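Peer 1: The structure follows.
Residue numbers (the working numbering): 75 to 1086.
If you want it as structure tokens, here you go:
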């Protein structure tokens, strides 16, 4: 039986008093102290881990001021803070053992857009891509382009002075910041910019402004000498650019940009916008070696390109193994007879189409000459001017950052010395020596980056659970610092200092570093703002954080290796945070999108399971042994104990309850299993957690209903009208909701599938009769694999599939209904699921021996045979494949005549989220099928519908289900004629019917209409 777990992490009493006072003084945001919430922000996209005391989510600048004002009292001198946005930092910038102040949940609005002057004012919790969505209709975009732009916030970009692709022309974030609203540790506020003003004269804000101006004025010669002329130079406090060029006008904004939250909270920003280019062209230049790509990059830069991005063969090969490659395979095709070891992605963009075309023409002409003489290692190139295609290529490049963490084995490429910056002309020689350094330690690594700016991302593979490898990380860091100094560069060219702050004093020298500390002293005299990062106040004895600080691996190594390997889908999460993608059309992760709660994300859930496994290991429990016991434990004594734990010990804390809360909000849509670069598969480890959780606590009644619905449905279908009549009664609905927690139960199909098929020439399956069919004739048959939902609740879809098969000259064979078991798996009934899956798999494997296609109409349940069945049964699954409808149809196109357009109106495809993520070509193939049969199909970009099997029918999930439906499904359906909307998933059709009152069809039903 699963033991009770404690968090063993008490909150400092002073912090508790502070938080109580904060709440009583009118703080309008959220205050979270539960262990799970703190764990969710204990990591970022780095290797480090720091557990904060609490997490607060302010709603207004006034809330942030209140935090500073109260914390400035002497009794709260030990209370410290770190601002946080998207948590995408690679060097632990936002990690703290104090209080995390997260601005991303509530302070994420666009406040003002000035179309005439081309600027926007925003709250700094807004995601970068969300800002661009808001200003795009006005013809603008915010140009610094990050690989994490779909989850990084403007506050994070400002605090690391982020740049990214295109920085040679577009510059860094600080080049586009017109003014900032900053709140200091005493609650005082400054509006930075050319006409700066702050609070009263004795405030931190006023002192900060005066001291910073003095530092920059008194040390201009030393600053110019010490700050190298690099495009990406980042100090933390940008003293060099604080004076506007050729003027004596001081701009405090430059001091705040790149400060990593160590000076003040940035709550609002006024940003300069860039007109969207009217012409864009991307040239992918292919090389026979990565060194050739690096050495050829200066030539590309001289060709006056907007940007030159590079990717090595390792990253390309990882992308080829991922779902993302399906979107770009035709845009970056292999060169016949050549091995592509690297590419340079060269972009031209501008307002003048002729000018862009001329620049592209000049470069391609030069490339053609080099190809003829095989110069510079160039083996080919491809050109695209299609904006959507350019976007897909950059999305591949962006995802490559996370894909590096998906390599096999315990050693993973990690970020710690991966944004080195040297003058571009030194880059190839620098990288050659960098490679020699890494090769000398026997390390594997991947490389990509911005060669136009001399920035390259190099991620050596290390096992952070191995103390010796952890020590090697620090050694390599020290060696790289010396190497970049040799080549006139620096260690932190793009991603900030964070835990690399220890290298600051050596780089700047005692005199200039003391001046940086003067600024810190003025802004934050009591060292309350992200202490240990960048620098410390002059009179402080506290040390800077170090590369050797506590890492995730310190905790992970406390879990036995066999358990880590067994739960790899959770353990290998590297924190890249793609699951925080704000885009409502992205399938991952619906619960995170509507709650804005980091716990309800694949990253959050993976982190909680890691800690759960660690605590179990710490208490001496073997998780795998507990799972084996759970499969057989069903005694009356065990049942009594579960009831006792559930009802008599509800007051006892158990960390497992916090893990359960996060898992309970998961829709098991499995988008994470394919969309996440690391393939974090929450439904898989969620089912295992629930299986063990319910060895200690009693299950809710609804779980038994859901897990056994497939067994009940055939009996209910014998009296469908009676069952439907009962389900329609208000008193029955009320009782079901109160006693079981189940709402909006769907009604059975009338007439039933069995009745419908009596009027159709559909063959009822008989194994002996099917075996008697000559082998050469079996290609004319198709076996229909029933699933519980379409067969019993949406029978007309199955009937229409049989009609479609007949129309295509095939003989449909209806297989007997065999439970699929997905619902039981979702609820963690793993023993029951394994038993049922084995029975169904044996039947399907035996049927597959007939060499007749097996086809199911619901994609989620078809995919269960490939995924969950393989996971639970392994080699015992047997040899069979069940196809989705479109997979079955695609090969038939070659043997059927294409039709000219028979329908001039568009059909609109809403694909099931599991289908579109597990089968990335599904939507495209549906389009091909429709086109072949004379129809036009437009794919509608949507995420999850919010139903997810039975999730939406559970009363405690109703609001979340509605909210998820409102993200992308409802807005798109409201704009389209519903009779032309086609939906592949039963759950999705059920959700539309529930909220819209309209019955939408499966694509196969529209195809049948076209053929008729």
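C-beta atoms are modelled at their ideal positions from N, C-alpha and C, and glycine is treated no differently. All values reported here derive from a predicted model rather than from experimental measurement.
Compute the distance between the beta-carbons of residue 591 and residue 609, then report whether it is under 8 Å.
Peer 2: Closer than 8 Å, so yes.
Peer 1: For the beta strand (DSSP E) that contains residue 176, what are its first and last residues?
Peer 2: Run containing residue 176: 173-176, per the beta strand (DSSP E) assignment.
Peer 1: In terms of residue numbering, what span does the beta strand (DSSP E) encompassing residue 885 cover?
Peer 2: Residue 885 -> beta strand (DSSP E) spans 885-888.
Peer 1: Compute the Euclidean distance between the alpha carbons of residue 528 and residue 299, then round it to the nearest angstrom.
Peer 2: Their backbone Cα atoms lie some 20 Å apart in a straight line.
Peer 1: Let me know the secondary structure DSSP gives residue 224 once reduced to three states.
Peer 2: Three-state DSSP puts residue 224 in coil, outside helix and strand.
Peer 1: If you draw a straight line from the C-alpha of residue 96 to the C-alpha of residue 80, how long is it?
Peer 2: Cα-Cα distance, rounded: 27 Å.
Peer 1: Going by alpha carbons, who is nearest to residue 77 out of 898, 769, 1048?
Peer 2: Looking at the Cα atoms, 769 is the closest of the given residues.
Peer 1: Would residue 1023 be called buried (16 or more neighbouring beta carbons within 10 Å of its own) or exposed?
Peer 2: So residue 1023 ends up on the buried side.
Peer 1: Could you tell me whether the stretch 217-231 touches the stretch 159-174, where touching means 3 or more Cβ pairs closer than 8 Å?
Peer 2: Enough Cβ pairs lie closer than 8 Å, so yes.
Peer 1: Alpha carbon to alpha carbon, how far is residue 620 from residue 164?
Peer 2: Residue 620 and residue 164: Cα-Cα distance of roughly 14 Å.
Peer 1: State buried or exposed for residue 812, treating a residue as buried only when at least 16 other CB atoms are found within 10 Å of its CB.
Peer 2: Exposed: under 16 other Cβ atoms inside 10 Å.
Peer 1: Whose C-alpha, out of 876, 890, 891, is nearest the C-alpha of residue 884?
Peer 2: For the residues 876, 890, 891, the minimum Cα distance to residue 884 belongs to 876.
Peer 1: Return helix, strand or coil for residue 541, following the three-state DSSP convention.
Peer 2: Three-state result, residue 541: helix.
Peer 1: The alpha helix (DSSP H) that contains residue 419, what's its start and end?
Peer 2: It is not in any alpha helix (DSSP H) - residue 419 instead sits in the beta strand (DSSP E) that spans 416-424.
Peer 1: Return yes when the Cβ of residue 453 is within less than 8 Å of the Cβ of residue 444, no when it is not.
Peer 2: Going by C-beta atoms, residue 444 is not nearer than 8 Å to residue 453.
Peer 1: Relative to the C-alpha of residue 94, which candidate in 144, 848, 531 has its C-alpha closest?
Peer 2: Minimum Cα distance to residue 94 is reached at 144.
Peer 1: Under 8 Å by Cβ, that's how I've got residue 604 and residue 170 pegged, so tell me the actual separation to the nearest angstrom.
Peer 2: Confirmed, about 6 Å.
Peer 1: Would you call residue 1028 buried or exposed, if buried means 16 or more other Cβ atoms sit within 10 Å of its Cβ?
Peer 2: When all chains shown are included, residue 1028 counts as buried.
Peer 1: So, is residue 406 buried or exposed, given that buried needs 16 or more other C-beta atoms within 10 angstroms?
Peer 2: Residue 406 should be labelled buried.
Peer 1: Counting pairs of Cβ atoms below 8 Å between the stretch 337-348 and the stretch 389-408, do you hit three or more?
Peer 2: No: the two stretches stay apart, fewer than three of their Cβ pairs being nearer than 8 Å.
Peer 1: Would DSSP call residue 311 helix, strand or coil?
Peer 2: Coil, per DSSP.
Peer 1: In the DSSP assignment, find the unbroken alpha helix (DSSP H) run with residue 1033 in it and report its ends.
Peer 2: Here the alpha helix (DSSP H) through residue 1033 covers 1032-1041.
Peer 1: Between the Cα of residue 757 and the Cα atoms of 776, 737, 771, which residue gives the shortest distance?
Peer 2: Looking at the Cα atoms, 737 is the closest of the given residues.
Peer 1: To the nearest angstrom, report how far apart residue 549 and residue 124 are at their CA atoms.
Peer 2: For residue 549 and residue 124, the distance between alpha carbons rounds to 22 Å.
Peer 1: The beta strand (DSSP E) that contains residue 39, what's its start and end?
Peer 2: Residue 39 is absent from the structure shown; the chain starts at 75 and stops at 1086.
Peer 1: Assuming residue 194 and residue 130 make a contact with CB atoms under 8 Å, what is their CB distance in whole Å?
Peer 2: Not quite, the Cβ-Cβ distance comes to about 26 Å (not below 8 Å), so this is no contact.
Peer 1: Go ahead and label residue 799 buried or exposed: buried means 16 or more other beta carbons lie within 10 angstroms of its beta carbon, across all protein chains shown.
Peer 2: Residue 799 is exposed by the Cβ-count criterion.
Peer 1: If we count the other Cβ atoms within 10 Å of its Cβ and call it buried at 16 or more, is residue 534 buried or exposed?
Peer 2: Buried, by the Cβ-count rule.
Peer 1: For residue 922, I'd like the list of residues in its chain whose CB is within less than 6 Å of its CB, leaving aside the five on either flank, ordered along the chain.
Peer 2: Taken in chain order, the residues that qualify are 954.
Peer 1: Give, in chain order, every unbroken run of the alpha helix (DSSP H) that is at least 4 residues long and sits entirely within the stretch 381-467.
Peer 2: Entirely contained in the stretch 381-467, the alpha helix (DSSP H) runs reaching 4 residues are, in chain order, 387-394, 427-447.
Peer 1: Leaving out the 5 sequence neighbours to the left and right, which residues in its chain are closer than 8 Å to residue 688 when beta-carbon positions are compared?
Peer 2: Cβ within range, chain order: 629, 630, 632, 633.
Peer 1: Considering only the alpha carbon of each residue, which of 523, 173, 482 lies closest to residue 501?
Peer 2: Residue 523 is the option with its Cα nearest to residue 501.
Peer 1: How is residue 600 classed by DSSP in three states: helix, strand or coil?
Peer 2: Residue state, collapsed to three classes: coil.
Peer 1: Are residue 182 and residue 259 touching if we call contact CB-CB under 8 Å?
Peer 2: Not a contact, by the Cβ cut-off of 8 Å.
Peer 1: Determine the DSSP secondary structure at residue 725, reduced to helix, strand or coil.
Peer 2: It is coil, neither helix nor strand.
Peer 1: Helix, strand or coil for residue 343, going by three-state DSSP, please let me know.
Peer 2: Three-state result, residue 343: strand.
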